[in-house]
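Everything in the sequence shown is counted per my numbering, starting at 2 for the first residue and increasing by one. We treat Cβ as the ideally placed atom computed from N, Cα and C, and that holds for glycine.
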Amino acid sequence: MTNTDDERIAALQKFTACDISDALVKLKVPGAGFLPDLQLLGQPNPADAPVTIAPASTILFARKGETLDSPTANIPKNTHWADITQPGTIVIIRQPDGQKNAVCGGIMAVRMKVRQAKAIVVVGRARDLDELTSTGLPVWARGLSTVGAGAESTPWAVEVPINVDGTVVNPGDLVFADLVNGVVVIPKDKVDQVLELLPRLTAADDKVKADVLNGTSVFDAFKTHRSNL
């Protein structure tokens with residue numbers, strides 16, 4: 002078993018987001034870690050690494066004028082949330098559902114890049130598409146807007162748990178951001194179990210595909226190779 006975070010990340014690079022979710026299903030993680038309905042903004046450069054893996058840092062927005070019971074607001078006075086981006090992380094921004102404004106734009110993306118973020122995931126809307134993509138960071142969002150954050154949203158807290166349609170993301174969880182298949186979050190206490198499962202799951206799938214190519218039914222191939230996992 003791998004012992005350091007760098008070794009764990011290197012081992013995970015061999016797999017896809019779909020492989021990760023398969024393992025998380027086996028481990029009964031709610032939502033299999035998947036962050037749904039995200040779109041990769043811009044076209045990835047073929048030279049870019051297909052997968053970015055890094056710990057999560059989180060930013061929670063509230064509706065303008067709203068006071069949340071939990072978590073406690075914790076962004077220091079006279080500080081912009083982008084200025085306290087944690088280096089080496091994938092930044093996950095949670096906007097209240099149903100809003101038309103963006104919560105991340107070009108200036109924020111540039112600041113996160115300078116602060117050494119690895120990628121940006123906006124569970125909500127973004128804007129300034131050309132500026133976002135010019136940072137070279139992988140950026141995902143649920144949609145776009147022309148409207149700035151202040152119209153409907155207020156940054157509330159950083160480094161707090163956030164809920165994305167039943168998938169809970171905690172600061173420090175490992176984010177597996179796959180340019181092709183999407184974004185999956187591995188709970189930090191499940192990473193070693195995921196790494197233990199992945200080789201067996203992918204080997205079983207390879208055997209299933211080989212059998213199906215040779216004329217075996219999917220039902221029988223699954224029964225032979227997947228039933229004991």
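- Secondary structure at Thr59: strand, using DSSP grouped into helix, strand and coil.
- The three-state reading of DSSP puts Val185 in strand, counting E and B together.
- About 19 Å separates the beta carbon of Pro56 from that of Leu180, a gap too long to meet the 8 Å contact definition.
- Ile94 is not a Cβ neighbour of Val115, given a cutoff of 7 Å.
- Cα atoms of Gly167 and Ala63: separation of roughly 18 Å, rounded to the nearest angstrom.
- In this model, Val161 and Thr90 are separated by some 14 Å (Cα to Cα).
- Here Phe177 carries a strand assignment [DSSP, helix/strand/coil].
- By the neighbour-count definition (other C-beta atoms within 10 Å, threshold 16), Ile60 is a buried residue.
- Taking the Cα of Ser71 as reference, the smallest distance to any Cα among Leu175, Asp212, Phe220, Trp157 is reached at Trp157.
- Rounded to whole angstroms, Ser218 and Arg227 show a C-alpha spacing of 13 Å.
- In the DSSP annotation of this structure, the continuous segment of the beta strand (DSSP E) that includes Thr168 starts and ends at 168-170.
- Bounds of the alpha helix (DSSP H) holding Arg201 are 192-214.
- Here Ala83 is not near Leu199, since their CB atoms are 7 Å or more apart.
- Proximity to Gln96 across Leu28, Val111, Ala127, Asn75 peaks at Ala127, based on C-alpha coordinates.
- Around Gln117, the same chain offers Pro88, Gly89 as residues with beta carbons nearer than 7 Å, after the five sequence neighbours per side are excluded.
- Per DSSP, the unbroken alpha helix (DSSP H) holding Ala222 starts and ends at 219-226.
- In this structure, the alpha-carbon of Ile76 lies about 25 Å from that of Ser146.
- Under the DSSP assignment, Ala24 falls outside any beta strand (DSSP E), being part of the alpha helix (DSSP H) whose first and last residues are 18-27.
- Assignment of Thr134 by DSSP, reduced to helix, strand and coil, places it in the helix class.
- DSSP assignment within the stretch 81-125 yields the following whole beta strand (DSSP E) runs of 3 residues or more, N-terminal first: 91-95.
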